[in-house]
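Here is the structure we will look at, set down as structure tokens.
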């Protein structure tokens, strides 16, 4: 990509360079420790409290540093990097406002169990607690949304803390870890003693071997089930268990639905796949869950957007829940068989004994009939562009092989419904927190992780304006993200709720005053295209794909289009509004 | 909903009380009292939390606490025979003529007078929560000027650790 890229050396060369026991500053210790963790890309934004760190990065080429235009861009990019690779994403921000600008991104990663190592500067220790310039208690502010956090008091602790932070972020239920470094610590000189030993933290253990009795009970339950269903979530992707899931489904012949974060964890072309469940899930998936007598939850957390009204959720089902976080088992839905463990480890054990669900023949036929009779559908138009059609076009032209990131709203649901994923880590979206502004910067992170792959960032006209400034870093670093804007000129999902639930009382959703997105792109030096009908859309998209660098394509779509099926908040997932198509 | 006494062994780190109490607040768990101090092992503190919850909530409490990196062990000690004690300091209005009466209550409760002013006495009471409640109730008529309770600390009886 860009000419300012780090020149990658061999690991041995770098190790020899980093491992010298020099007396160096805390900042240099930080950089060396990051390198020892295998970090190759950091997203950040300098400021007063991290100046020593940035000074240490002057002329530093052993990893890439991407200067975003907003700290929120940096942390969402780190998040996208982590989701696309499975390696912890790293970002750096200064104290006070720099640190607080990260809060949304930390919460986003926490809700979706994404491993991040977040480094913030703080004022010098002597100023902590004095309301000093750009001081904020960021460890206090982020305590409820981090897996763990550190306030570093001594530069000599940095190697251990960095080593622990990466371990904590990326083991067990993954999540963001924050390291707050006061300015005097980043300046403090001390002897660098690298932390290389395996991390041992008392009371924080890897999950034990899965309970064999529970697995036997699970195999038994599958034999007895007449209407079994698998609900697979993000845990399948995070654990790298997609092959094991496919093997499990193939061996048992049980129909499977994947949650929003589970998309890509199971090949969408498989005939046992039923699509996504929940609020905007398919008829087949929702009805299968509701009528099931055995519900096998694999790495999903029974989020309320999946279960909807809990009291009416899968009432006849015996529930099996496999999760790496024991606190999720029984948290929302009472569980008959709980299996605590890493999904890959558990499924590997299960697969050794798994046999076909032989009593479920009629059930499978019913599901195939439902798939045939109630597919996702929309009324196409030759006059106006339909957003669903745009997504289908993107899917077809990319052979379903792109990494797709989305922002939050209607376009996100259409992308989830109409782009069919076959590989894990190809789908990057903010599920738990539903963070607008996430889509575009997360795509930048994914592209930094996979320079060779096609990355498509699908946004609405609302969310695009929450982090549009990051077009600059695509332009100057030649990061070839293809940015799609589904422009319906309103806050579409809010409009949909106001129409369906609030009796057409459209309150403050008109995005009039939005920029000309083509000109906006061009203002940053990025190629921009606009399309208002199918012919323009195909051509503009093709041109964008043929553009070697970044490109923005604005699809002006029908304004009043809604996402269907839909289940209203408070209703059960069988109370589906199917739409007019 | 029942009252539970939970002992939590935590790393003696800055902010650990905030992590634990913050978790309770955020997840909607109730805290009736929380005490924290050194444990038998250097570097570890023992927190004793008294809470009212049903079984499901109690299970969640324990599991969520275990997710905190600084939490090492969580025990519902009220499921065992236990000793639970609280300390209270009660400053009560006590003109010389009322003092014998007050002393009578103090003796009955095996409490102690730890300070005497010209118009007040400070009483120290140690015992389970019911005893402290009773003591306070009896002191009320004399006029409680100031009251400070520590909250409960507790331990399982016998050789069980």
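Residue numbers (the UniProt record's numbering), protein chains in the order written: chain Y, 1 to 581; chain X, 1 to 161. Don't be surprised by glycine CBs; every beta carbon is placed ideally from N, CA and C. Model, not experiment: these values are computed from the prediction.
On the DSSP bridge assignment, give the partners of residue i in chain order.
{"i": "residue 321(Y)", "result": "297(Y), 338(Y)"}
{"i": "residue 47(X)", "result": "8(X), 36(X)"}
{"i": "residue 553(Y)", "result": "484(Y), 529(Y)"}
{"i": "residue 189(Y)", "result": "25(Y)"}
{"i": "residue 91(X)", "result": "122(X), 146(X)"}
{"i": "residue 204(Y)", "result": "201(Y)"}
{"i": "residue 377(Y)", "result": "According to DSSP, which records beta bridges pairwise, residue 377(Y) is partnered with nothing at all."}
{"i": "residue 89(Y)", "result": "116(Y)"}
{"i": "residue 536(Y)", "result": "None; residue 536(Y) has no bridge partner."}
{"i": "residue 623(Y)", "result": "The structure shown has nothing for residue 623(Y), since chain Y only spans 1 to 581."}
{"i": "residue 153(X)", "result": "85(X)"}
{"i": "residue 232(Y)", "result": "258(Y), 298(Y)"}
{"i": "residue 385(Y)", "result": "557(Y)"}
Suppose the cutoff is 7 angstroms on Cβ atoms and the five residues either side in sequence are ignored; what does the same chain contact list for residue i look like?
{"i": "residue 1(Y)", "result": "Legend: pLDDT at residue 1(Y) = 41, less than 50; position of this residue unreliable, value from coordinates given subsequently. The answer, listed in chain order, is 451, 477, 478, 479."}
{"i": "residue 444(Y)", "result": "77, 80, 470, 473, 474, 479, 481"}
Identify, in the order they occur along the chain, each residue of the same chain with its Cβ nearer than 6 angstroms to the Cβ of residue i, setting aside the five sequence neighbours on each side.
{"i": "residue 138(Y)", "result": "99, 120, 180"}
{"i": "residue 209(Y)", "result": "none"}
{"i": "residue 397(Y)", "result": "none"}
{"i": "residue 195(Y)", "result": "159, 160, 163"}
{"i": "residue 371(Y)", "result": "284"}
{"i": "residue 300(Y)", "result": "231, 233, 259"}
{"i": "residue 3(Y)", "result": "At residue 3(Y) the pLDDT is 38, less than 50, meaning the model places this residue with poor confidence; the figure from the coordinates comes in the next sentence. Answer for residue 3(Y): no residue qualifies."}
{"i": "residue 2(X)", "result": "none"}
{"i": "residue 135(X)", "result": "109, 125"}
{"i": "residue 151(Y)", "result": "139, 180"}
{"i": "residue 486(Y)", "result": "387, 411, 460, 555, 557"}
{"i": "residue 453(Y)", "result": "403"}
{"i": "residue 495(Y)", "result": "509"}
Mind checking which residues open and close the beta strand (DSSP E) that includes residue i?
{"i": "residue 180(Y)", "result": "176-182"}
{"i": "residue 405(Y)", "result": "403-406"}
{"i": "residue 43(Y)", "result": "41-44"}
{"i": "residue 460(Y)", "result": "455-460"}
{"i": "residue 67(Y)", "result": "64-67"}
{"i": "residue 115(X)", "result": "112-116"}
{"i": "residue 567(Y)", "result": "Taken as a continuous stretch (DSSP letters only), residue 567(Y) belongs to no beta strand (DSSP E), as it is neither H nor E."}
{"i": "residue 72(X)", "result": "71-76"}
Tell me where the alpha helix (DSSP H) around residue i begins and ends.
{"i": "residue 11(Y)", "result": "11-18"}
{"i": "residue 150(Y)", "result": "Where residue 150(Y) is concerned, there is no enclosing alpha helix (DSSP H), although the beta strand (DSSP E) it sits in stretches over 148-151."}
{"i": "residue 291(Y)", "result": "283-291"}
{"i": "residue 116(Y)", "result": "Taken as a continuous stretch (DSSP letters only), residue 116(Y) belongs to no alpha helix (DSSP H), being part of the beta strand (DSSP E) at 116-122."}
{"i": "residue 227(Y)", "result": "Premise fails: residue 227(Y) is in no alpha helix (DSSP H) and is neither H nor E."}
{"i": "residue 132(Y)", "result": "Run containing residue 132(Y): none; DSSP gives neither H nor E here."}
{"i": "residue 439(Y)", "result": "439-449"}
{"i": "residue 345(Y)", "result": "343-353"}
Please confirm whether residue i and residue j have their CB atoms less than 8 angstroms apart.
{"i": "residue 163(Y)", "j": "residue 33(Y)", "result": "yes"}
{"i": "residue 541(Y)", "j": "residue 394(Y)", "result": "yes"}
{"i": "residue 462(Y)", "j": "residue 520(Y)", "result": "no"}
{"i": "residue 326(Y)", "j": "residue 63(X)", "result": "yes"}
{"i": "residue 93(Y)", "j": "residue 182(Y)", "result": "no"}
{"i": "residue 283(Y)", "j": "residue 46(Y)", "result": "no"}
{"i": "residue 35(X)", "j": "residue 84(X)", "result": "no"}
{"i": "residue 90(X)", "j": "residue 112(X)", "result": "no"}
{"i": "residue 460(Y)", "j": "residue 516(Y)", "result": "no"}
{"i": "residue 31(Y)", "j": "residue 60(Y)", "result": "yes"}
{"i": "residue 318(Y)", "j": "residue 347(Y)", "result": "no"}
{"i": "residue 256(Y)", "j": "residue 274(Y)", "result": "yes"}
{"i": "residue 434(Y)", "j": "residue 467(Y)", "result": "no"}
{"i": "residue 86(X)", "j": "residue 129(X)", "result": "yes"}
{"i": "residue 114(X)", "j": "residue 48(X)", "result": "no"}
{"i": "residue 122(Y)", "j": "residue 49(Y)", "result": "yes"}
Who are the near neighbours of residue i in its chain, counting only those whose CB is closer than 8 angstroms to its CB and skipping five residues on each side?
{"i": "residue 155(Y)", "result": "25, 26, 29, 185, 186, 188, 189, 190"}
{"i": "residue 82(X)", "result": "5, 154, 155, 156, 157"}
{"i": "residue 501(Y)", "result": "568, 569"}
{"i": "residue 240(Y)", "result": "86, 344, 424"}
Rounded to whole angstroms, how far is the Cβ of residue i from the Cβ of residue j, which I believe are closer than 8 angstroms?
{"i": "residue 116(X)", "j": "residue 138(X)", "result": "Not confirmed; about 18 angstroms, so no contact."}
{"i": "residue 117(Y)", "j": "residue 56(Y)", "result": "With 8 angstroms as the limit, residue 117(Y) and residue 56(Y) do not qualify as a contact, their Cβ atoms being about 17 angstroms apart."}
{"i": "residue 119(X)", "j": "residue 93(X)", "result": "6 angstroms"}
{"i": "residue 349(Y)", "j": "residue 215(Y)", "result": "6 angstroms"}
{"i": "residue 537(Y)", "j": "residue 531(Y)", "result": "4 angstroms"}
{"i": "residue 351(Y)", "j": "residue 302(Y)", "result": "24 angstroms between Cβ atoms; not a contact."}
{"i": "residue 341(Y)", "j": "residue 324(Y)", "result": "7 angstroms"}
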